[in-house]
């Protein structure tokens, strides 16, 4: 199945990563809790895929983008 020219699996994975990135910016949840929330089987897998997508690991992404209100 294709959605906007990409496979459904890829669409779902990228959607989960965008939501996880939002949580990193807007909440104080632990990275581990965020990775489980979006169905990644380990923090290592989540970190590898997140880093590949956003060109930095989740912790660095949070530090750079975390909302000032938290």
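Numbering (the UniProt record's numbering), first residue to last: 1 to 70. Where a beta carbon is used, it is the ideal one built from N, C-alpha and C, also for glycine.
* Could you pull the start and end residues of the alpha helix (DSSP H) that residue 54 belongs to? => Along the chain shown, one-based indexing puts residue 54 at 54. Run containing residue 54: 43 to 54, per the alpha helix (DSSP H) assignment.
* Round the Cβ separation of residue 21 and residue 54 to the nearest angstrom and send it over; I've been treating them as touching at under 8 angstroms. => For the purposes of this step, residue 21 is taken as the residue at position 21 of the chain shown. For the purposes of this step, residue 54 is taken as the residue at position 54 of the chain shown. With a Cβ gap of about 7 angstroms, residue 21 and residue 54 count as contacting.
* alpha helix (DSSP H) segment containing residue 26, residue limits -> On the chain shown, position 26 is the one that residue 26 refers to. Note, residue 26: alpha helix (DSSP H), 8 to 26.
* Would you mind reading off the limits of the alpha helix (DSSP H) that contains residue 61? => For the purposes of this step, residue 61 is identified with residue 61 of the chain shown, where counting begins at 1. Run containing residue 61: 58 to 65, per the alpha helix (DSSP H) assignment.
* Asked: residue 61: which of 26, 41, 40 and 39 sits nearest, CA to CA?
  -> For the purposes of this step, residue 61 is identified with residue 61 of the chain shown, where counting begins at 1. Nearest option by C-alpha distance: 26.
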